Amino acid sequence: PTHKKTARSEHSINIIKLLFRLKEHGFSAAKISDFSSIPKSTVTRIFRTRKNKNGVILEPKKREKRPGKLN
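So the sequence shown is residues 2 to 72, counted in this note's numbering.
Given below as structure tokens:
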């Protein structure tokens with residue numbers, strides 16, 4: 002890894018809205034990546050985990066907890 006994990010951060014809702022707006026205008030994830038300096042894999046992950054429903058960008062689904070212990 003080239004960066005420490007502490008260098009990772011959450012993208013703001015304004016950046017995510019911009020990404021969805023560019024996608025609606027027909028830009029591919031690669032073109033959006035070139036334009037925004039966000040890696041293409043991150044752009045596609047944002048599109049995959051967050052849905053744009055009627056102009057509302059949903060929060061990503063929370064990971065499921067570990068199942069309870071069986072007796």
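Ideal placement from N, C-alpha and C gives every residue a C-beta, glycine not left out. The model shown is predicted, which means the values in this text are computed figures rather than measured ones.
Exercise for the section: Locate the alpha helix (DSSP H) running through residue 72, then write down its first and last residues. Expected result: Element bounds for residue 72: n/a, residue is neither H nor E.
Query - Residues near residue 59 by beta carbon distance below 7 Å, same chain, minus five either side - result: 51, 52
Might you give, ordered along the chain, the residues of its own chain that have their beta carbon closer than 8 Å to the beta carbon of residue 45, omitting 5 neighbours on each side? 30
Taking all protein chains shown into account, decide if residue 16 is buried (16 or more other Cβ within 10 angstroms of its Cβ) or exposed. exposed
| query | When you compare each of 26, 69, 12, 27 to residue 38 by their alpha carbons, which one comes out closest? | reply | 12
State the CB to CB distance for the pair residue 18 and residue 48, rounded to an integer number of angstroms; the pair is presumed to be in contact (CB under 8 Å). 13 Å between Cβ atoms; not a contact.
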